[in-house]
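These protein sequence lines are chains R and G, in that order.
Residues in the first sequence are numbered consecutively from 83, following our numbering.
Residues in the second sequence are numbered consecutively from 575, following our numbering.
Read through the structure below, which is laid out as structure tokens, and then see the notes.
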Amino acid sequence: MGGSIETVPAGVPVLTGEHFMLGDHACAEGALAAGCRFFAGYPITPATEIAERLAERLPTLGGACVQMEDEIASMAAILGAAWAGAKAMTATSGPGLCLMLENIGLAVMTETPCVVVDVQRGSPSTGLPTMVGQGDMMQARWGSHGSYEIIALCPNSPQEMFDLTARAFNLSERYRVPVFVMADADVGHLTERVVIPAPEGIEIVNRKAPTGPREEYQTFRPDADLVPPMARAGEGYHVFMESLTHDERGYPTMTGEAHNRLVRRLSQKIRDYVDDIIDYEERHLDDAEVAIVSYGISARIASRAVEVCRESGMRVGMLRLITAWPFPEDRVRRLASQVRGIVVPELNLGQMSLEVERCAAGAAPVVLLPHAGGGLHEPDDTVSAVEGLLR
Amino acid sequence: MNETAELVHPRESLFRPGRMPHIWCPGCGLGTMTNCLVEVLQGRADDLDRVCVVSGIGCTGRVAGYLNLDAFHTTHGRAIPFALGLKTANPELEVIVVSGEGDLAGIGGNHLIHAARRNLDITVICVNNFTYGMTGGQVSPTTHHYARTPTTPYGNTEYPFNLPWLVAAAGAVYVARWTTAHIRQLAKAMKQAIAKRGFSFVEVVAACPTNYGRRNKLGDGRAAMREFRDNSVIKQSPPLEDLSMSLGEQIIAGAFVDKERPTFDDELAALTPKEGAATQ
Chain R
83 MGGSIETVPA GVPVLTGEHF MLGDHACAEG ALAAGCRFFA GYPITPATEI
133 AERLAERLPT LGGACVQMED EIASMAAILG AAWAGAKAMT ATSGPGLCLM
183 LENIGLAVMT ETPCVVVDVQ RGSPSTGLPT MVGQGDMMQA RWGSHGSYEI
233 IALCPNSPQE MFDLTARAFN LSERYRVPVF VMADADVGHL TERVVIPAPE
283 GIEIVNRKAP TGPREEYQTF RPDADLVPPM ARAGEGYHVF MESLTHDERG
333 YPTMTGEAHN RLVRRLSQKI RDYVDDIIDY EERHLDDAEV AIVSYGISAR
383 IASRAVEVCR ESGMRVGMLR LITAWPFPED RVRRLASQVR GIVVPELNLG
433 QMSLEVERCA AGAAPVVLLP HAGGGLHEPD DTVSAVEGLL R
Chain G
575 MNETAELVHP RESLFRPGRM PHIWCPGCGL GTMTNCLVEV LQGRADDLDR
625 VCVVSGIGCT GRVAGYLNLD AFHTTHGRAI PFALGLKTAN PELEVIVVSG
675 EGDLAGIGGN HLIHAARRNL DITVICVNNF TYGMTGGQVS PTTHHYARTP
725 TTPYGNTEYP FNLPWLVAAA GAVYVARWTT AHIRQLAKAM KQAIAKRGFS
775 FVEVVAACPT NYGRRNKLGD GRAAMREFRD NSVIKQSPPL EDLSMSLGEQ
825 IIAGAFVDKE RPTFDDELAA LTPKEGAATQ
């Protein structure tokens with residue numbers, strides 16, 4: 083699929099400049115700018131253009147792009163690459179994400195930095211391959227078994243496909259956790275202006291390397307920030323990456339006590355830093371009587387609804403979730419105590435709205451604007467919901 | 575006298591401190607197999623820092639974690655694609671996958687044949703004990719026809735994979751099968767497989783007296799070793815389709831394939847996009 087007509091020189095990792103670029107391509111460029119040098123994936127609409135772009139670009143940058151036999155293998159391969167020291171990514175859509183969940187759990191348990199891009203489409207099952215949806219939000223959060231934290235970001239434009247993919251790498255390196263870029267078919271297939279900064283203007287975070295003597299290295303011994311330094315394979319640290327419940331050495335430890343200690347730390351290393359991780363955009367919230375909470379492509383439609391409401395004198399604002407997970411609990415709690423009601427338009431039958439409701443905790447009514455996907459809300463749908471709350 | 579306190583097991587340097595005793599049952603073939611692998615690695619002059627061992631899940635899946643090397647205990651069936659990531663991101667690594675037949679040829683079967691097709695430069699040591707030992711001896715993709723297991727209580731109605739034929743057909747450049755009664759040949763095959771560039775596969779026929787032998791009247795570990803010794807035949811180039819195994823019939827052992835083919839990482843490295851190549 084086209085969208086970009088530019089010529090890209092080989093061996094240039096950061097395409098500094100102003101582009102008219104497909105969202106999926108911008109995602110690939112964001113990854114490269116952040117230092118991604120390994121990609122493994124499996125073709126799937128509407129994410130395929132990410133793999134195609136990286137298949138052209140990575141070999142010119144000393145990296146590798148491998149089309150695997152399935153998404154299970156793709157996810158496993160990026161974890162292997164991460165332990166070899168690479169920044170690694172895969173990209174898929176809902177059906178592929180289903181297959182990746184097993185090794186996303188492995189990434190959580192073994193604290194393996196990696197980025198998973200999900201360009202969401204109509205679901206469940208094979209669903210609407212070419213058409214938009216936002217039905218994977220809870221799957222990203224809870225899809226693998228067990229209690230754990232991940233990070234998920236929601237781009238609403240090709241520009242954010244670049245920016246947030248790059249940020250996803252930084253967060254995954256910082257916290258050693260899988261980070262999702264929860265895009266959707268419309269953002270992925272939208273072609274818009276994308277500005278790529280000069281390399282020195284792009285923040286790069288690299289995982290902590292061990293500093294002590296090799297023989298004293300313990301694969302999962304955390305620093306004070308609860309994140310262990312990560313050795314790479316082949317350098318004599320004798321890493322022990324263990325999928326079973328393990329102690330700080332990586333040794334399997336089959337006790338409830340060890341399990342409790344490990345699983346709580348894996349969550350706590352994220353929860354302690356929500357202020358660093360959580361990002362959102364606020365519009366007209368200062369005096370808002372009604373708030374719209376939305377994300378991704380739905381938030382772009384909702385922003386038109388905000389304008390319409392404001393033009394007719396309704397005090398409406400919007401909270402756009404840029405970080406979906408961890409959920410901005412405090413901000414939504416404060417919002418609920420301020421406004422008369424909250425409207426949540428999303429392209430599913432109620433996922434993030436459940437989180438909004440949980441945090442609002444009855445302080446304000448939460449109105450879900452459901453949509454099964456395959457298209458977008460009309461701004462008027464949101465306007466009507468706002469009117470209903472103000473009536 | 576306290577001399578015994580200073581005795582060090584000759585294999586100790588390659589075992590991760592404090593990890594013994596292992597979890598394997600008396601009579602299990604995994605100790606023998608691991609000993610052969612450690613012997614091969616200890617015999618090398620280099621410092622082994624580039625050697626990575628990757629395992630899946632199951633009794634054999636525990637091997638990686640016992641070895642004092644870069645060790646990766648992954649998910650069930652996924653050792654091979656994990657190994658692809660390791661090897662591709664750093665082609666300097668020597669990657670050895672050690673796992674069982676249920677892991678590699680059952681749940682991970684697709685990855686096995688695709689890695690062979692790609693000629694990924696890794697070594698796969700597949701311990702075939704004909705059963706899912708860790709979960710209690712259920713039928714596996716190589717369980718003999720008619721064999722009894724807890725999930726085939728009336729006998730296995732399915733036919734087993736012939737693993738050497740399978741991986742050779744898919745493109746493996748080195749394929750051998752030895753039983754745990756052939757420790758010299760097995761160690762030699764492991765050494766050759768590790769040294770070989772490309773996808774190398776060593777099937778290790780091993781006993782699981784606890785969960786397979788017992789139900790199929792194959793006796794204890796010693797009886798199984800006797801059976802392997804007395805009822806196997808070494809053939810250098812048998813027709814690969816003859817390598818299927820049946821209960822009570824001869825096991826054909828040997829090194830069956832040793833050929834050259836460009837490897838996955840050679841091909842990737844040879845891929846040098848032209849300067850200024852256009853991309854869309």
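C-beta atoms are modelled at their ideal positions from N, C-alpha and C, and glycine is treated no differently.
CB of residue i within 8 angstroms of CB of residue j, strictly
i, j, result
"Met-264(R)", "Asp-369(R)", "no"
"Gly-93(R)", "Thr-130(R)", "no"
"Val-277(R)", "Glu-100(R)", "yes"
"Val-749(G)", "Phe-830(G)", "yes"
"Leu-136(R)", "Phe-121(R)", "yes"
"Thr-649(G)", "Ser-629(G)", "no"
"Ile-421(R)", "Val-388(R)", "According to the sequence displayed, residue 421(R) carries Val and not Ile. No, they are not a contact pair."
"Leu-210(R)", "Gly-217(R)", "no"
"Glu-666(G)", "Gly-145(R)", "no"
"Ala-780(G)", "Gly-787(G)", "no"
"Thr-212(R)", "Pro-128(R)", "yes"
Cβ of residue i within 8 angstroms of any chain G Cβ
i, result
"Asn-185(R)", "yes"
"Glu-428(R)", "no"
"Ala-381(R)", "no"
"Ser-318(R)", "Checking the sequence shown, residue 318(R) turns out to be Gly, not Ser. Closer than 8 angstroms to some Cβ of chain G, the Cβ of Gly-318(R) qualifies, so yes."
"Tyr-230(R)", "no"
"Phe-121(R)", "no"
"Glu-393(R)", "no"
"Tyr-333(R)", "yes"
"Glu-111(R)", "no"
"Met-182(R)", "no"
"Leu-501(R)", "No answer is possible for residue 501(R): the residues shown for chain R start at 83 and end at 473."
"Leu-308(R)", "no"
"Ser-226(R)", "no"
"Pro-240(R)", "no"
"Ile-132(R)", "no"
"Asp-329(R)", "no"
"Phe-322(R)", "yes"
Chain R contact for residue i (CB, 8 angstroms cutoff)
i, result
"His-756(G)", "no"
"Pro-655(G)", "yes"
"His-596(G)", "no"
"Gly-639(G)", "yes"
"Arg-593(G)", "yes"
"Gly-659(G)", "yes"
"Leu-845(G)", "yes"
"Thr-662(G)", "yes"
"Cys-626(G)", "yes"
"Arg-652(G)", "yes"
"Thr-648(G)", "yes"
"Leu-686(G)", "no"
Own chain residues within Cβ distance below 6 angstroms of residue i, not counting five before or after
i, result
"Asp-268(R)", "Val-214, Ile-379"
"Asp-357(R)", "none"
"Asn-736(G)", "Leu-817, Ser-818"
"Tyr-706(G)", "Gly-676, Gln-712, Ser-714"
"Leu-845(G)", "none"
"Ala-755(G)", "Met-799, Phe-802, Arg-803"
"Lys-809(G)", "Ile-826, Gly-828"
"Gln-149(R)", "none"
8 angstroms CB neighbourhood of residue i in its chain, flanking five on each side removed
i, result
"Ala-852(G)", "Any reading at Ala-852(G) needs caution, since the residue's pLDDT is 46, under 50, leaving its predicted position unreliable; the model's value is listed next. Correct list: empty, nothing qualifies."
"Glu-613(G)", "Arg-585, Ala-761"
"Arg-835(G)", "Asn-693, Gly-745, Val-747, Gly-772"
"Tyr-720(G)", "Gly-729, Asn-730, Leu-821"
Contacting residues, own chain, Cβ-Cβ under 7 angstroms from residue i (five flanking each side not counted)
i, result
"Ile-631(G)", "Thr-649, His-650, Asp-677"
Practice prompt. Entirely within the stretch 427-471 of chain R and at least 3 residues each: give me those beta strand (DSSP E) ranges in chain order.
Written response: 448-451
Discussion item. Between the stretch 651-660 of chain G and the stretch 685-696 of chain G, can you find at least three pairs of beta-carbon atoms closer than 8 angstroms?
Written reply: yes
Practice prompt. Identify every run of the beta strand (DSSP E) within the stretch 338-416 of chain R, keeping only runs that are complete inside it and at least 3 residues long; order them along the chain.
Written response: 362-365, 372-376, 398-403, 405-407
Worksheet item: Taking the runs of the beta strand (DSSP E) that are 3 residues or longer, which of them lie wholly in the stretch 606-648 of chain G?
Response: 625-629, 644-647
Item to complete: With a floor of 3 residues, list each beta strand (DSSP E) that falls wholly inside the stretch 274-345 of chain R, ordered by position along the chain.
Response: 322-324
Practice prompt. Spell out a yes or no on whether the stretch 635-649 of chain G and the stretch 584-592 of chain G are touching, meaning 3 or more CB-CB pairs, one atom from each, closer than 8 angstroms.
Written response: yes
Discussion item. Does the contact criterion of 3 or more C-beta pairs under 8 angstroms hold for the stretch 595-606 of chain G versus the stretch 786-802 of chain G?
Written reply: yes
Worksheet item: Do the stretch 228-236 of chain R and the stretch 255-262 of chain R meet, that is, are 3 or more Cβ pairs less than 8 angstroms apart?
Response: yes
Discussion item. As an exercise, report each continuous alpha helix (DSSP H) stretch of at least 4 residues that is fully enclosed by the stretch 755-794 of chain G, in chain order.
Written reply: 757-769
Discussion item. Quick check: the stretch 392-401 of chain R against the stretch 440-450 of chain R, are at least 3 beta-carbon pairs closer than 8 angstroms?
Written reply: no
Worksheet item: Residue ranges of each alpha helix (DSSP H) run of no fewer than 4 residues wholly in the stretch 656-726 of chain G, ordered along the chain?
Response: 683-692
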